[in-house]
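Working notes, structure below.
Shown next as structure tokens:
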């Protein structure tokens, strides 16, 4: 790590924020031979490592183990009473964080050729900044400061010690009564996990359904799964006020339905806002939108052409994989002077509930307006799902008139793994005939995607001019053989 006093006076690329986007940008620039300085105000690794992907999936893994132990009777296995040691669960969560931490460390970043400084950076002009008061010049810069949980303005919320996706990992004991505000991916994932670990969970969603950005049938399956795990799901419901208790953690939620829901802890999962406070964006000539996101074009450049932005702060889809890809694009464009553009169409997303929901490209509900059709296979007709006893789910492909895959939605175990093939198909305009003619391993969950492609191809072979050609060839062959 480079001490603030020992920083060079000028660098080729200043990167602010050491989350996924910043780490990738700094390492990419250094790999091109540029002098790249990565500045981080808190800790290396960002939200994904400390409060997002890694801890949440570790908690979900423990919750799945508890659920499987108690729900295996249908497979002929009885495990008896399930005992959840919440302290041991948290030890697993933090153990996963610390095992992955070295990949994002100062040492790993410096080994890749970048300089690293721990401090707070602020722009002082279009090409200048200061880091803890030390002035520095830059030829170009990348803003990668990420986002933080958004808190609503609710009567009674001030002074209450609420949980967010950032702070929930500081728990030392399992909440007996947990209320989750928000039915998006984070709220559904954490709500289901805590319910499976033994908390009584109430999930309050102002929208008419959970996961409102996903296929309605996918939302319905997730809602049924959460209810089966004991989550009290309240949709089309808002919070009117919060009544706190003396310990500032517990209280009572007053809902628009007139119900009063007591809680021991309140978890707020209502979205995230960009971290731009104190960056001096005005001094740098960097424009933001009404929500505070740094405005970028398709090459990730801001209104100051020497400054780019990547990751959550840019207002693009808030996923670690998006941050990583865009961090690489930003650094490549900056150092090599290229105009690589971001991909807005083939951005995969996964909600890690059980079952998972994976989606990329067009939703099935958007097919008709884009002149597309939908090919579907229910997992009740997928052999691996039947063998596993997990048939709640489906695979749907959105296909255009030329047979190209324009989108996919998969609901089922490990949907995110099957989504990789669909993402490749959307990104490169592959046709269902190409998927159908590729041998897939059997029995797997991806067999459903293959069968959906096969069904689309067979449907096309039965209609139009191609059907006439096939009929003619069949008759000619039969005549020749006679």
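In our numbering, the protein residues as written are 271 to 752. We treat Cβ as the ideally placed atom computed from N, Cα and C, and that holds for glycine.
- In the structure shown, residue 590 adopts helical secondary structure according to DSSP, grouped into three states.
- Counting along the chain, the unbroken beta strand (DSSP E) around residue 620 starts and ends at 619-621.
- For residue 417, the enclosing beta strand (DSSP E) starts and ends at 417-419.
- Residue 330 and residue 427 have their C-alpha atoms some 28 Å from each other.
- Per the DSSP secondary-structure output, residue 645 pairs in a beta bridge with 667.
- With contacts defined by Cβ atoms closer than 9 Å, residue 526 and residue 510 form a contacting pair.
- The beta carbons of residue 599 and residue 413 sit about 14 Å from each other, so the pair does not count as a contact at 8 Å.
- The segment 307-318 and the segment 384-400 touch, with three or more beta-carbon pairs separated by less than 8 Å.
- The beta carbon of residue 429 lies closer than 7 Å to those of 514, 518 in the same chain, with the five residues before and after it left out.
- Residue state for residue 565 is assigned as coil, using DSSP reduced to three classes.
- Between residue 649 and residue 655, the beta carbon gap of about 4 Å places them in contact (Cβ cut-off 8 Å).
- Of the residues assessed, residue 532 falls on the exposed side of the cut-off, its CB having fewer than 16 other CB atoms within 10 angstroms.
- It is roughly 40 Å from the alpha-carbon of residue 726 to the alpha-carbon of residue 507.
- Non-local beta-carbon contacts of residue 340 in its own chain, meaning distances under 6 Å to residues more than five positions away in sequence, involve 352 in chain order.
- Cβ neighbours of residue 677 within its own chain (closer than 7 Å, five residues either side excluded): 630, 631, 632, 633, 668, 696.
- Fully enclosed beta strand (DSSP E) runs of no fewer than 3 residues occupy 502-504 of the segment 484-513, in order along the chain.
- In this structure residue 749 is exposed. Its beta-carbon is surrounded by fewer than 16 other beta-carbon atoms within 10 angstroms.
- Residue 294 and residue 401 have their C-alpha atoms spaced approximately 21 Å apart.
- Contact check between the segment 458-476 and the segment 498-506: three or more CB pairs, one atom from each, fall below 8 Å, which counts as touching.
- If you draw a straight line from the Cα of residue 456 to the Cα of residue 356, it comes to about 20 Å.
- According to the DSSP assignment, residue 532 belongs to the beta strand (DSSP E) that extends over 530-533.
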